[in-house]
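Residues in the sequence shown are numbered consecutively from 151, following this note's numbering.
Idealized CB from N, CA, C, for every residue including glycine.
Keep in mind the model is a prediction, meaning the values are calculated, not measured.
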Amino acid sequence: AILGHLSYGFVVSDQLRMEAFYDHGLIDDHLAGYHREPFQGVGIGGQTVGPYGTLLRLDIGKTVGRNAQNGFVANIVFLKLF
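Laid out in structure tokens, this is it:
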């Protein structure tokens, strides 16, 4: 497999970070019948400072291209800073 990741992000003051990303992979899986089959995905992510010394991160992504699947994926992370 060959995988690539491209992202662009920016920070607004010290409170908010936004990011857009694109992933691309060429997959080899002989059992599934894939030979250099392209899989692609796009997404956005954000991170902010939460209450009580926490960080909140949200990522949302979607497959695109020839092998796109229905639906999307979302990930929410709370991180406590000590």
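Rounded Cβ spacing between residue i and residue j (contact assumed at less than 8 Å)
i	j	result
L176	E187	7 Å
Cβ shell of residue i (< 7 Å), same chain only, five flanking positions each side left out
i	result
R216	P188
A151	G175, L176, I177, D178
Cβ pair residue i, residue j closer than 8 Å
i	j	result
V199	K212	no
Q190	V214	yes
I226	L205	no
G195	F222	no
Delimiting residues of the beta strand (DSSP E) encompassing residue i
i	result
R186	184-199
G175	166-179
Y202	Neither: Y202 is in no beta strand (DSSP E) and is coded neither H nor E.
Opposing strand residues paired with residue i [DSSP bridges]
i	result
A224	I210
Closer than 8 Å to chain B by CB, residue i
i	result
V227	Looking for chain B here will not work: only one protein chain is present.
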